[in-house]
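Visitor: In UniProt numbering, the protein residues as written are 1 to 156.
Virtual Cβ for every residue (Gly too), placed ideally from N, Cα, C.
First, the structure itself, so that you have it in front of you.
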């Protein structure tokens with residue numbers, strides 16, 4: 001998979017994000033409510049990547065710097081958002097490649113920890129993160145009190 005920096009507003013990013021939001025609708029009955037400003041994913045305070053196979057965008061993911069003044073966040077934290085791999089290419093390790101690239105780029109940018117929120121109805125995501133060294137942390141954000149929410153973090 002070829003991984004490229006792309007803006008959150010890139011047409012391929014928009015398509016994959018729409019596909020991911022449909023997954024949330026199917027599993028939870030609603031789209032992700034987390035406030036997202038596309039500008040949050042622009043360097044130096046953020047990054048958004050797309051993964052391509054044979055010229056087609058099949059994976060996405062990004063991170064954004066968090067304000068340490070918010071509960072559960074520390075200075076240097078970044079939040080992982082919009083990790084997604086198209087169904088037709090799952091099972092090839094592409095999510096793991098994207099995650100590793102996001103972690104490496106966050107570390108190079110001087111960040112110390114990646115945090116994320118996922119849900120109990122996404123066992124494949126929880127499995128990926130757990131097998132990549134992520135551990136449960138204090139819940140944060142709009143899903144802080146949601147029993148279906150799982151917040152994870154990893155020191156990088």
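Using CA atoms only, rank isn't needed, just tell me which of 91, 43, 105 and 155 is closest to residue 127.
Guide: 91
Visitor: Can you check DSSP and say which residues form a bridge with residue 165?
Guide: Residue 165 lies beyond the residue range present for the chain, which begins at 1 and ends at 156; the question has no answer from this structure.
Visitor: Kindly confirm or deny that the segment 78-86 and the segment 104-114 touch, where touching means at least three C-beta pairs closer than 8 Å.
Guide: yes
Visitor: Measure from the alpha carbon of residue 120 to the alpha carbon of each residue in 27, 3 and 9, then state which is nearest.
Guide: 27
Visitor: Who are the near neighbours of residue 125 in its chain, counting only those whose CB is closer than 6 Å to its CB and skipping five residues on each side?
Guide: 118
Visitor: What does the Cβ neighbour count give for residue 131, buried or exposed, with the cut at 16 atoms within 10 Å?
Guide: exposed
Visitor: Between 64, 99 and 11, which has its C-alpha nearest residue 35's C-alpha?
Guide: 64
Visitor: Buried or exposed: residue 151, going by 16 or more other Cβ atoms within 10 Å of its Cβ?
Guide: Per the 10 Å Cβ criterion, buried.
Visitor: Are residue 94 and residue 53 close, meaning C-beta to C-beta below 9 Å?
Guide: yes
Visitor: Relative to the ligand SAH, is the shortest distance from any of its heavy atoms to the C-beta of residue 102 smaller than 8 Å?
Guide: Looking for the ligand SAH in the displayed structure turns up nothing, as the structure carries no ligands at all.
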